[in-house]
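Asker: Here you go, one structure.
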Amino acid sequence: MILPKKFYARDPAIVAKEILGCILVKKEHSPLKGKIVETEAYYGLSDPASRAFKGKMNHNKWMWGEAGTLFIYMVHGNWLLNIITERKGTPSGILIRAVEPIDGIEEMKKRRNVEIKNLTSGPGKLTKSFGITKQHNGIKVYDPSSEIVVEKGEKPSKIKTSRRIGVKEDLPQHLRFYIDGNPFVSK
DNA sequence: AGGAAGATCTACT
DNA sequence: GTAGATCTTCCTA
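Its first residue numbered 17, the first sequence is counted upward by one per residue in the working numbering.
Below is the structure:
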């Protein structure tokens, strides 16, 4: 079952937590699947680490889109995968930081040529393994006809939180969520 | 033209 | 484990 649009139309911290354990699916010749094991929540104008913080610009305009829209951008030579949350006109979203490969592992290995454990254990790694680039910007992940969708998964046994990774200036609250003990969570 | 950005890889102490 | 080079766009000057 594909998560409905209204799943995303909530506070990003809630969405980031509840999407853990769900399945990221990219439809290809043989579909690529990965369980989401690590996410971060990003707010818009009030969040110094957010891409939307400095106002609407060409590269981040997708953050102002509808809930359930993909927002992809490049940093340090890596594509990072975000899903927009809340409603149109309110920039916020979640960053998918790591997934656990389930299907299409051979295809992923062809692209990355590394051990399974290094295939998707980081935001830039998983986009490479899945072959995701900015051409996928704006895809609706709740639409069954989309190339990329998110399916409902099992509720993870243990969820932990921490501060976000790599950001220069973080908010005081914990906005990173991950499945405790999963080997694909990044360090 | 220059620099910065939600990172990653490699090579070391 | 940490340190440094390098990764690719897009913004600012």
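Note that CB positions come from ideal geometry on N, CA and C, so glycine has one too.
Give the DSSP-derived three-state secondary structure of Glu-154 in the structure shown.
Answerer: Walking along the first sequence from the start, residue 154 turns up at place 138. The residue you asked about is not Glu; residue 154 is Gly in the sequence shown. Coil at Gly-154, not helix or strand.
Asker: Measuring CA to CA, which of Ser-62, Asn-94, Ile-100, Gly-154 is closest to Ala-32?
Answerer: The sequence position of residue 32 within the first sequence is 16, counting from 1. If we check each option's Cα against that of Ala-32, Ile-100 comes out closest.
Asker: Using a 10 Å radius around the Cβ and a threshold of 16 neighbouring Cβ atoms, would you call Lys-126 buried or exposed?
Answerer: In the first sequence, residue 126 corresponds to position 110, counting from 1. Result: exposed.
Asker: DSSP state of Glu-122, grouped into three classes?
Answerer: Position 106 of the first sequence, counted from the start, is the residue given in the question as residue 122. Helix, per DSSP.
Asker: Would you please state the rounded distance, in angstroms, between the beta carbons of Asp-63 and Leu-187? I believe it to be under 8 angstroms.
Answerer: In the first sequence, counting from the first residue as 1, residue 63 sits at position 47. In the first sequence, counting from the first residue as 1, residue 187 sits at position 171. Contact flag correct, Cβ pair sits at about 6 angstroms.
Asker: Taking Ile-18 as the reference, which of Ala-29, Arg-103, Asp-27, Ile-35 has the closest Cα?
Answerer: As a first step, residue 18 is located in the first sequence; it is residue number 2 there, counting from the start. If we check each option's Cα against that of Ile-18, Ile-35 comes out closest.
Asker: Leaving out five residues on either side along the sequence, give the residues of the same chain with a beta carbon under 7 angstroms from the beta carbon of Ala-29.
Answerer: The count along the first sequence starts at 1 and reaches residue 29 at position 13. Closer than 7 angstroms at the Cβ level, and outside the excluded window around Ala-29, lie Ala-57, Leu-191.
Asker: What would DSSP say about Lys-203, mapped onto helix, strand or coil?
Answerer: Residue numbering aside, residue 203 sits at position 187 when the first sequence is read from its first letter. Looking at Lys-203 - three-state DSSP - the assignment turns out to be coil, as it is neither helix nor strand.
Asker: Anyone know if the C-beta pair for Ile-195 and Val-91 falls short of 8 angstroms?
Answerer: Position 179 of the first sequence, counted from the first residue, corresponds to residue 195. Position 75 of the first sequence, counted from the first residue, corresponds to residue 91. Contact: no.
Asker: Quick one: grab the DSSP three-state call for Pro-117.
Answerer: Here residue 117 corresponds to residue number 101 of the first sequence, with the count starting at 1. Three-state result, Pro-117: strand.
Asker: If we count the other Cβ atoms within 10 Å of its Cβ and call it buried at 16 or more, is Glu-185 buried or exposed?
Answerer: As a working note, residue 185 is residue 169 in the first sequence. The residue is exposed, with fewer than 16 neighbouring Cβ atoms inside 10 Å.
Asker: Compare the Cα-Cα distances from Ile-121 to each of His-45, Ala-25, Lys-203, Pro-20 and report the closest residue.
Answerer: Counting from one through the first sequence, the residue named residue 121 turns up at place 105. Out of His-45, Ala-25, Lys-203, Pro-20, His-45 has the C-alpha closest to the C-alpha of Ile-121.
Asker: State the start and end residues of the unbroken alpha helix (DSSP H) segment that holds Val-31.
Answerer: Indexing the first sequence from 1 puts residue 31 at position 15. Segment 28–34, the alpha helix (DSSP H) holding Val-31.
Asker: Spatial neighbours of Lys-49 within its chain, please: C-beta separation below 6 angstroms, excluding the five flanking residues on both sides.
Answerer: The sequence position of residue 49 within the first sequence is 33, counting from 1. Closer than 6 angstroms at the Cβ level, and outside the excluded window around Lys-49, lie Ile-39, Val-41, Ile-118, Asp-119.
Asker: Quick one: what does DSSP say Lys-144 is sitting in, helix, strand or coil?
Answerer: The residue given as residue 144 occupies position 128 in the first sequence. Three-state result, Lys-144: helix.
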